[in-house]
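Numbering (the working numbering), first residue to last: 258 to 478. Glycine included, C-beta positions come from ideal geometry on N, C-alpha and C.
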Amino acid sequence: MKLIYVFLLFPLLLSSCIEIIDDITIHTDGSGIFKYSINLSSSKLKVNSILALDSLNGKKVPSLAQIESKIATFKTSLAEKPGISSVKTEFNSVDFILKISIEFNSVAQLQQGIKTVLQEMNKEKDKEAYEGDWITWDGKTMSRIIPSMLAAKAKSFENSDVDLLKNGTYTSISRFDKPILKSSNSNCKLNPSKTASMLQVNTYDLKLNNSLIENTITLTP
């Protein structure tokens with residue numbers, strides 16, 4: 258589940274030093290909790306200057322009120338979707354830190370709920386942009402990729418602040434009830450009990466190569 262709020266804050270994200278943490282816990286029965294945070298506090302002066310613009314690189318810049326409204330809409334709409342038991346959001350509009358927590362009954366319902374809400378909010382006519390899974394779970398193996406729609410947007414964005422992106426990080430964490438048997442990504446690190454994995458990449462490198470965060474994790478029987 259990669260970069261949910263790129264659809265809400267996209268003009269700001271790729272022009273600021275950014276710290277993203279993507280943290281999912283999947284229990285044996287498929288239920289779990291997804292936590293996501295975006296931290297732009299180290300470049301809040303830059304963000305404020307962007308918010309003062311009408312557009313950036315041809316993309317309309319949302320106002321702070323519009324960002325807060327979209328976050329509220331996302332929270333309310335997602336909470337109404339099947340299999341979603343709780344949605345919590347927290348937005349610090351001074352330091353530009355956004356946090357979200359979602360409890361779900363199954364990975365499929367989590368993903369479908371997010372897809373549906375984003376499509377509704379963006380009024381996207383091209384349904385193909387939302388097709389395909391960016392996370393799968395069969396009770397033993399979990400696979401994660403960056404959504405194709407997001408990958409395409411990131412690559413097409415003309416960024417003029419490369420140094421800010423090079424100082425940013427994207428951290429992907431996956432937690433399980435059972436130990437991890439193997440991981441397809443050689444950069445994946447495991448905790449001592451092997452029940453959690455972590456991948457951390459530079460945001461600029463990730464913009465250039467989306468596969469850096471791709472990973473397939475297999476648990477022990």
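- Comparing C-alpha distances from Ile324 to each of Ala336, Asn305 and Gly315 shows the shortest one belongs to Asn305.
- The beta-bridge partner set that DSSP reports for Lys446 consists of Met455.
- Judged by DSSP in its simplified three-state form, Val304 adopts helix.
- Judged by DSSP secondary structure, Ile328 falls within the alpha helix (DSSP H) whose first and last residues are Leu321 to Ala336.
- Looking only at Gly370, Asn466 and Leu302, the smallest Cα-Cα distance to Asp390 is reached by Gly370.
- Taking all protein chains shown into account, Leu367 has 16 or more neighbouring C-beta atoms within 10 Å of its C-beta and is therefore buried.
- Between the region 436-454 and the region 283-302 there are fewer than three inter-stretch CB-CB distances shorter than 8 Å, so the stretches are not counted as touching.
- Closest in alpha carbon position to Ile474, among Leu465, Thr282 and Ile277, is Thr282.
- Taking a 10 Å sphere around the C-beta of Gly425, we find 16 or more other C-beta atoms and assign the residue as buried.
- Residue range Thr460 to Leu465 is occupied by the alpha helix (DSSP H) that includes Asp462, with no beta strand (DSSP E) assigned at that position.
- Ile402 carries a coil assignment under DSSP once its states are collapsed to helix, strand and coil.
- Between Asn467 and Ile403, the alpha-carbon positions lie close to 6 Å from each other.
- In the DSSP assignment, Leu355 falls within the unbroken beta strand (DSSP E) covering Ile354 to Phe361.
- Around the CB of Asn448, fewer than 16 other CB atoms lie within 10 Å, so the residue is classed as exposed.
- Nearest to Lys446 by alpha-carbon distance, out of Ile470, Lys464 and Gly315, is Ile470.
- The alpha carbon of Cys274 has as its nearest neighbour, out of Tyr427, Val318 and Pro436, the alpha carbon of Tyr427.
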